[in-house]
Structure formats: structure tokens, C-alpha cells
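Everything below concerns the one structure shown next.
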Amino acid sequence: MMEWLIAEIFAKYNYWVSIVLMLIGFYAMIAKGNLIKKVIGLNIFQTAIFLFFISLADIRGGTEPIVSEEIIHMGYVYVNPLPHVLILTAIVVAVATTAVALALVIRMYEEYGTIEEEEIIEKEREMGL
Amino acid sequence: MIVTAHFPVLVIVISMLSAFTILIAGRWNKKTCLPISIATISVQLFMAFFILNQVFTRGTIHYRLGGWAPPWGIEYVIDAFNAYVLVIVLFICLLTAIYAKRSIEREQPHRIVPFYVVFQLLITGLCGITVTGDIFNLYVFLEIASLAAYALIAVAGGRALKASYNYVIMGSIGACFYLLGAGFLYAVTGSLNMADLSHLLPPLYESKVVQAAFVFFVVGLSIKMALFPLHIWQPDAYTYAPSVVTVIIAAAMSKVSIYAFIRVFFSVFTTDFIRIYVPIATAISWIAAIAIIVGSVIAIMQSNLKRMLAYSSVSQVGYIVLGVGLYSTQWGLHGALIHILNHAITKGCLFIVAGAIIYRCGLWNIRDFEGLGKKMPYTCAAFTLAALSMIGIPPSVGFITKLCLLAASLEATEYVFVAVILASTLLNLVYFWRVIERMYFVRGEGEEENEIKMGEAPVSMVLPALILASLCIIVGILWLAGAKTPLLPVVDQAVNALLGTGVVAAP
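Protein sequence lines correspond, in order, to chains A and B.
Using my numbering, the letters of the first sequence map in sequence onto residues 1 to 129.
Using my numbering, the letters of the second sequence map in sequence onto residues 1 to 507.
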């Protein structure tokens, strides 16, 4: 059982790495009270998904996907370029999300003088409403 | 006609171009923002109607972006369902833009130009989600729309910042789940095109990867559309956002998220998958039933009008999802699709009224609404009509959806859902009656009848509310009178296309 599990983990270690990273990010987003740490968690979560996509595309021994007549004749295999393209787009989205989130944190720091979630909630309560 | 063939992509592109035009023109003169925005949305709405008509007469539109053939290139596919949602969304956007003029001048006078720029980007995202036939492209547009919404909510400052931040975190989790689902599907099929996936997936339905992908899609999009219990970001976001923004995210954006949910549910995966491999329909019907009751009960406890309407939205999303869960019945999906229209126009109207009351009187607490019926007669009339439609009083469009959902529940012999719908109608009545009673029948202490002066909100704010309120009734009356409106055939065609039954028009 144990051997099987270890073999399984090592055979597909790339997926395990991204799952572990995903859970770390997810944990940080939910459990951390510091707003910046939540953003960091979000970034880890997103990066884990990017790694998942990229490792999906890889072929052992594959070359870069610049296809020419010569390469095809020589029988080279090349990695799948599509996930890379998708992830380039997704990285742009992630950067934009991070930028918005950080801008919000800055504005909240100006407003409340803290970036701890609980302190902000307390201050909101003091302000009434 | 060469231009009309490109309408599916133009409807997105011109919105994005107008965002940048507004940015430049706004630097020169702030007053140019609104006309550009309204003109753009009008053109988009015209295109949407044209597309709807074309879909209706000639069948599904397939548009190849850049001329690349489907499995490799991105394809825009528009059938009756897309076109229907597109028209609703753009119609709401147009009215919101008209309404925005006064509201944003009052609430955010320094941010008029950025507001319209981001507003147009939001519309770009919403249209993009609606027309695309590619799951990754849908993710990108979902994020464009969400990012614009985060920014628009945060514009209000103060508590809206926290609300927006929570929305960023929750929304991003949802989007990441969606992306992960898309990745899983790509891993097993090598395709991202929805139509292509629906052909490639059936032999792989047993695969755990496909089933996990489905769950990721469902959870991710449920967060985006604020389905109970994943709605926690929603009440704060709706309450603290500027009034205009609440209108558009409540009426248009939530509808588009629901559209994406239904599209993935039925067009990427099929009814076979949901029936046999992941029997989720019963589960989501029950979740929806709980959402309907919980949303209504919490709405009754609210004293802030916008917050009450926000919780009411939680329960209304429940109605739509209940319709989806009862897809196997004759009227289930009809109920869901008509409720998309119903909720867009009624909730749009109600939030417009809430904003108008804040604009004119600065009131948001329901307790202070005494005598408003005299003071703002048209606004309150619009509120009352829309509230009647939300409750489901007969000649309104809300009645039709409740009827459809009741018929569906009876057909599925799920009497609990029948009870839930009836109970929620009563609960709706309670929380709307509270507001209407304050507006019309309760007089403040020491106030004389003739002391209350007319103080109606500006025309640009009342008009959209009245248009939407009268639509609630007109659509309902036309339907009940059995008039030949295009609504039923469009919904019929949409349902048939989703379920893969009936005659699906050839491409």
C-alpha cells in the first residue's frame, strides 16, 4: 500500500506539487487575517494552477514548439504550446487581480490605519452603522 | 452584408473601444462621457436585437474569430439563449447608463471619467461572456467583467473597500476553480471549444477527471453568481457599492454568471452526464430551495433597503437555480430562463428606486420612508409595481415564473418545492409590504398631510425605473393574454437547444 502510494506520488509528482501549492494558497486566503497575506495566498493559488497547466503541456524530451519542415522530418517531438499561451493570458489576469487587490488594501490602510481584518471590523463597528 | 456578419465580435469590440475613447475624450471634456457611453450601448443593443432576430430566423450563428477553424481558433457561438441574455443585459446597461448621469454626479463627482471607462469595460466583459463559445475565452471575459466590478464597487470608498476586497478574494477563488475545471477538461480532451467538448466528452464521462472538472465549474460559477451558501460576498458588495453599480451588478452581472453556469451545465456537459454520472440536479434543487427560504428570511430582518434587496437577490438566484435543477420537467428550464428576464428587470428597477431615494432624500433605512409615496409618487409607484412582480402577483412577469416553477415542481412530484415557493411568496410579501406600508400608509409623528411636498427624483432617474416597472407588467399581461410575443418562442428555442431536444437549427 505504502509503496504503491509513494510510486503513485513520484510518478505524477508535478500534479502533487501543484495540489500542495494550491492548498497552501487556499489556506492562506481563508485562514489568514492579514489582508496582504490573503493576496499572497491568492497568488500562490493562481501560480499553482499555472504550474498545473504548464506541466500538462510538457513532453519528456520535447523541444520548443517552433515547427519547421526539418524538425518534422527528423522526428522530433515538441511540447504543446497551447497551455503556455493560455497561461500567458491567465498571468495577465492574475496580475490585474493582484493589482486591484493591493490597491484596495492601500485604500483600506489609508481609511482604517491597519491591514488586519479583525481590527478593520472592530473599527467599522466603532464607527457605527 | 459584410458588417452584419461581424456583429458577434463587434458587439464586444465597440464597447472596449468606447472605453478608451471615453478616457481620451473625458480628459478634454467630462460631459462627453455620457453621450459616448449611451451611443455605444445603443449601437450594441441594436446589434443584439439584430443577432436575436437572425438567430431566430436562421438558426445558431457560428463566428470564427480571425477566420481560424473551431477546434484551434476561438469560435463565437450564438444561439437563442445567448442572444436572449445579450439583449436583456444590454437593455439593462442602457437604462443604467441613463440613470448613471445624476447618480454618479452626486455620489462620485470626481470620478466621472474613470467611472464610465470601467463601466464600458464591464459591459465588454458581460457581452464577451455571453457570446463566446470557448471555455477559456469565457474565463478571460469573466475576469474582465469581475475586475471591472471590483473597481466599480470600490469607487464608493469607506465600507465598500472591504466589501470589494472580499469580493476580489471570493471571486478569484471562483475564477480559479473555473480555470482549474477548464484545465482538467483540456487535459483529457485537448480541446477548449464548447461544442467540440460536448462531442469529445461523452466517452470520457466515467473519468474521475471529467467529474472533478464538472464540480470545479459548478462551485466556481456558484461563487460568481452568489448561490447560497457561497453568497457571503454579495450583500456587502450590493449594499455599499454606488447606487448605479449595484443596479448593474445585481441586474446584469449576476444574470451573466448564471448564463455561464447554465451554459456549462447543459452545453459543455449534457443532460446525460448530469442524469447518470453526477446526479447533481436533486442536490442543487435542494440548495436552491434553502437559498430561497434563507434569503427571504434574512431579507425580512434588514433595515437597510439596499441590503434587503441584496438578500432578496440571494433568494431570487435560488429560483433560477431551482428551475435548472428541475430541468427534466417540461417547465423547469422555462421558469429559469424567464426568471432571468424577470429578475433583471424587477431587481434593476428596485435598485434604481433605492438609488433614487438615496439621491433625493438621503434615506436608506426603511423606517425613515414615511410619506415617501406622497413625496416621490412616480418612484414609489415604480417600486410598488416591481415589488408586485417580485412577489408574483398575477398580471406580472413574476407570476409567470412562479407558475412555471410550480408546474415543474408538481410534475417532478417534489411537493416540498411547491411549499417552498408558496412560503417564499409569503415571505416576499412580508418584506416588500413593510416598505410599501411605510411609503404610503404610515405618517410620521407631528407631520401634517399637506406638509409633504413633491420632491421627485430627476427624470433621468425616474424614467428608467418606470420603464422597467411597466415592462414587468406589460410582459406579464401580454403573456397571460396569449399574445404572440417573441418571448415564448425564443425561450422555447433556447430550452430546446440547451437540452438537445426538438429541432436544433442547422449551423
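For each residue, glycine too, the CB sits at the ideal point set by N, CA and C.
Smallest Cα separation from residue i: which of the options?
{"i": "F265/B", "options": "Y178/B, K208/B and A83/B", "result": "Y178/B"}
{"i": "L88/A", "options": "I54/A, M1/A and A7/A", "result": "I54/A"}
{"i": "L204/B", "options": "D236/B, D272/B, S257/B and N137/B", "result": "D272/B"}
{"i": "T130/B", "options": "E206/B, A100/B, K255/B and R360/B", "result": "K255/B"}
{"i": "W28/B", "options": "I262/B, V113/B and K347/B", "result": "V113/B"}
{"i": "G220/B", "options": "L309/B, I173/B, Y84/B and F399/B", "result": "I173/B"}
{"i": "A175/B", "options": "L161/B, M194/B and V140/B", "result": "V140/B"}
{"i": "V55/B", "options": "L363/B, D79/B and V420/B", "result": "D79/B"}
{"i": "S312/B", "options": "Q234/B, A241/B and C361/B", "result": "Q234/B"}
{"i": "V495/B", "options": "T189/B, I358/B, A354/B and W331/B", "result": "W331/B"}
{"i": "V397/B", "options": "S470/B, R106/B and M225/B", "result": "S470/B"}
{"i": "R275/B", "options": "T246/B, R307/B, K375/B and G325/B", "result": "G325/B"}
{"i": "I51/B", "options": "L499/B, A97/B and V490/B", "result": "V490/B"}
{"i": "T239/B", "options": "Y319/B, I345/B, D134/B and F351/B", "result": "F351/B"}
{"i": "T21/B", "options": "G66/B, Q120/B and I12/B", "result": "Q120/B"}
{"i": "V87/B", "options": "C127/B, C380/B and S15/B", "result": "C127/B"}
{"i": "V92/A", "options": "I6/A, N14/A, G25/A and T47/A", "result": "T47/A"}
Please list, in chain order, the chain A residues whose beta carbon lies closer than 7 Å to that of residue i.
{"i": "V168/B", "result": "T97, V100, A101 and L104"}
{"i": "F510/B", "result": "It is not possible to answer for residue 510/B, since the shown part of chain B is limited to 1 through 507."}
{"i": "V140/B", "result": "T89 and V93"}
{"i": "S172/B", "result": "L42 and T97"}
{"i": "F136/B", "result": "L86"}
{"i": "L147/B", "result": "A96, T97 and V100"}
Using a Cβ-Cβ distance cut-off of 7 Å, determine whether residue i contacts chain B.
{"i": "K123/A", "result": "no"}
{"i": "Y6/A", "result": "Reading off the sequence, residue 6/A comes out as Ile, not Tyr. Not one chain B Cβ lies under 7 Å of I6/A."}
{"i": "L60/A", "result": "The question names Leu, but residue 60/A is Arg in the sequence shown. Not closer than 7 Å to any Cβ of chain B, the Cβ of R60/A fails to qualify, so no."}
{"i": "L21/A", "result": "no"}
{"i": "N10/A", "result": "Before going on, a small fix: residue 10/A reads as Phe here, not Asn. For F10/A, the answer is no, since every Cβ of chain B falls outside 7 Å of its Cβ."}
{"i": "M29/A", "result": "yes"}
{"i": "M2/A", "result": "no"}
{"i": "M74/A", "result": "no"}
{"i": "E126/A", "result": "no"}
Would you say residue i faces chain A, with C-beta separation under 7 Å as the test?
{"i": "L179/B", "result": "yes"}
{"i": "F214/B", "result": "no"}
{"i": "V503/B", "result": "Its pLDDT being 41, under 50, V503/B is placed unreliably in this model, and the value from its coordinates should be taken loosely. No, V503/B lies away from the interface with chain A (no Cβ there is under 7 Å from its Cβ)."}
{"i": "L161/B", "result": "yes"}
{"i": "P507/B", "result": "Reliability fails at P507/B, whose pLDDT of 32 lies under 50, so the model's placement of it is uncertain and the value that follows must be treated cautiously. Not closer than 7 Å to any Cβ of chain A, the Cβ of P507/B fails to qualify, so no."}
{"i": "P165/B", "result": "The identity of residue 165/B in the sequence shown is Tyr, whereas the question assumes Pro. So yes, Y165/B belongs to the interface."}
{"i": "G220/B", "result": "no"}
{"i": "G183/B", "result": "yes"}
{"i": "F69/B", "result": "According to the sequence displayed, residue 69/B carries Ala and not Phe. It does not: the Cβ of A69/B has no partner Cβ on chain A nearer than 7 Å."}
{"i": "L385/B", "result": "no"}
{"i": "C176/B", "result": "yes"}
{"i": "Y143/B", "result": "According to the sequence provided, residue 143/B is Glu. The question's Tyr does not apply to it. At least one chain A Cβ lies under 7 Å of E143/B."}
Which residues of chain A have a Cβ atom closer than 9 Å to the Cβ of residue i, listed in chain order?
{"i": "Y150/B", "result": "T97, V100, A101 and L104"}
{"i": "A154/B", "result": "V100, A103, L104 and R107"}
Going along chain B, which residues have a C-beta under 8 Å from residue i?
{"i": "L51/A", "result": "The contacting residues do not exist; L51/A stays about 11 Å from chain B at best."}
Who are the neighbours of residue i on chain B, taking C-beta pairs under 7 Å?
{"i": "Y38/A", "result": "According to the sequence provided, residue 38/A is Lys. The question's Tyr does not apply to it. Result: I169."}
What does residue i reach in chain A if we use C-beta pairs closer than 8 Å?
{"i": "F158/B", "result": "Contrary to the premise, residue 158/B reads as Gly rather than Phe in this sequence. Chain A residues near G158/B: E111."}
{"i": "A187/B", "result": "L56"}
The alpha helix (DSSP H) that contains residue i, what's its start and end?
{"i": "V168/B", "result": "R159 to T189"}
{"i": "H231/B", "result": "Premise fails: H231/B is in no alpha helix (DSSP H) and is neither H nor E."}
{"i": "P489/B", "result": "L487 to L499"}
{"i": "K32/A", "result": "Per DSSP, K32/A belongs to no alpha helix (DSSP H) and is neither H nor E."}
{"i": "I274/B", "result": "Counting along the chain, I274/B falls outside any alpha helix (DSSP H), and DSSP gives it neither H nor E."}
{"i": "V67/A", "result": "Counting along the chain, V67/A falls outside any alpha helix (DSSP H), and DSSP gives it neither H nor E."}
{"i": "N137/B", "result": "I135 to A154"}
{"i": "Y415/B", "result": "Y415 to Y440"}
{"i": "F214/B", "result": "K208 to K224"}
{"i": "W286/B", "result": "A281 to M301"}
{"i": "F46/B", "result": "C33 to R58"}
Tell me the residue span of the beta strand (DSSP E) that contains residue i.
{"i": "V77/B", "result": "E75 to I78"}
{"i": "H6/B", "result": "Premise fails: H6/B is in no beta strand (DSSP E) and is neither H nor E."}
{"i": "I61/B", "result": "I61 to R64"}
Quick one: which chain E residues come within Cβ less than 8 Å of residue i?
{"i": "I120/A", "result": "Of the protein chains in the structure, A and B, none is chain E."}
Below 6 Å, is the gap between the Cβ of residue i and the nearest heavy atom of the ligand PLP?
{"i": "F49/B", "result": "Looking for the ligand PLP in the displayed structure turns up nothing, as the structure carries no ligands at all."}
Evaluate contact between the region 247-255 of chain B and the region 277-288 of chain B, counting only Cβ atoms and requiring at least three cross-stretch pairs below 8 Å. no
Given 8 Å, three or more beta-carbon pairs between the region 149-158 of chain B and the region 192-201 of chain B: no
Can we say the region 385-396 of chain B touches the region 415-434 of chain B, given the rule of at least three CB pairs closer than 8 Å? yes
Using 8 Å as the cut-off, can you tell me whether the region 354-369 of chain B makes contact with the region 402-411 of chain B, which would need three or more C-beta pairs spanning the two stretches below that distance? no
Should the region 94-102 of chain B be called in touch with the region 454-466 of chain B, which here means at least 3 C-beta pairs below 8 Å? yes
Count the C-beta pairs between the region 83-98 of chain B and the region 325-336 of chain B that are closer than 8 Å, then say yes if the count reaches three, no if not. no
Under 8 Å: do the region 118-136 of chain B and the region 59-77 of chain B share three or more Cβ pairs, one atom per stretch? yes
Below 8 Å, how does it come out for the region 180-193 of chain B and the region 206-213 of chain B: are there three or more Cβ pairs, yes or no? yes
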